[in-house]
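Top to bottom, those sequences are chains A and B. With our numbering as the guide, the letters of the first sequence map in order to residues 8 to 106. With our numbering as the guide, the letters of the second sequence map in order to residues 8 to 106. Here is the structure we will look at, set down as structure tokens.
2 protein chains.
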Amino acid sequence: MSALGSKWKPIIVMVIKDRTLRFGEIAARISVISRKVLTDQLREMEEDHLVTRQEFKELPPRVEYRLTEKGLALLPILSLLEEWEREFDFTEKKLEEII
Amino acid sequence: MSALGSKWKPIIVMVIKDRTLRFGEIAARISVISRKVLTDQLREMEEDHLVTRQEFKELPPRVEYRLTEKGLALLPILSLLEEWEREFDFTEKKLEEII
Chain A
8 MSALGSKWKP IIVMVIKDRT LRFGEIAARI SVISRKVLTD QLREMEEDHL
58 VTRQEFKELP PRVEYRLTEK GLALLPILSL LEEWEREFDF TEKKLEEII
Chain B
8 MSALGSKWKP IIVMVIKDRT LRFGEIAARI SVISRKVLTD QLREMEEDHL
58 VTRQEFKELP PRVEYRLTEK GLALLPILSL LEEWEREFDF TEKKLEEII
């Protein structure tokens, strides 16, 4: 799980999903992340073969990201994790209300 | 996934599994973790309702940990993550050998 050793990477994987997104589109969808942190996370994810990065030599330059097969295989597992968190956070909040 | 925001917590969950383990037993099974870090991680996991901690007033004192229902529900998801990592690390290593 070391390839996921940050709170941002699972979120970035779930945001990209099965489509191609430009850097700015990813940044806009995770508005709380700074561009510097997002850049660093995406670079690490590229090194870990979770995403591919394609640069188009246009003006202004365009950079697009996609999940690799490895990244795509992670999507259903992250959905289970999300479901797990939703289920138990909900239960905990209900319990707190009762107590 | 914030309850898992560390590389150690998934490992600790997988080590405890469906049994009751004493602090020293967990520490022995994850020999690379310091007792200080393990103590801190277990305390956070208790706050996040992933584990329960039971202290027995004996001499020497005995402290036992179990996964909660929330922690137990995480086990099958972590197994999938392990499988995912094994599968793709293997593929990457094979590719590197070929290239």
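In this text, a Cβ means the ideal position worked out from N, Cα and C, and glycines have one as well. All values derive from a computational prediction rather than experimental measurement.
CB-CB under 7 angstroms to residue 81 (chain A), same chain, minus the five flanking residues each way: which ones, in chain order? 20
If you check the beta carbons only, do residue 27 (chain A) and residue 73 (chain A) fall under 7 angstroms apart? yes
Hey, is residue 37 (chain B)'s beta-carbon within less than 7 angstroms of any beta-carbon in chain A? no
Cβ closer than 8 angstroms: which chain A residues qualify as neighbours of residue 15 (chain B)? Those within 8 angstroms of residue 15 (chain B) in chain A number zero; the least Cβ separation is about 10 angstroms.
Identify every residue that forms a DSSP beta bridge with residue 63 (chain A). A:69
Looking at chain A, is there any beta carbon in it that lies within less than 7 angstroms of the beta carbon of residue 84 (chain B)? yes
Here's the rule: buried if 16 or more other CB atoms are within 10 angstroms of the residue's CB, otherwise exposed. What is residue 95 (chain A)? buried
Beta-carbon separation of residue 22 (chain A) and residue 40 (chain A) under 7 angstroms? no
Using the C-alpha atoms, what's the distance from residue 56 (chain A) back to residue 90 (chain B)? 16 angstroms
Minimum C-alpha distance to residue 52 (chain B) - residue among B:93, B:75, B:97 and B:87: B:75
Residue 18 (chain A) beta carbon less than 7 angstroms from that of residue 88 (chain B): no
Should residue 44 (chain B) be labelled buried (16 or more other beta-carbon atoms within 10 Å of its own) or exposed? exposed
Taking the straight line between their C-alpha atoms, what separation do you get for residue 29 (chain B) and residue 100 (chain B)? 37 angstroms
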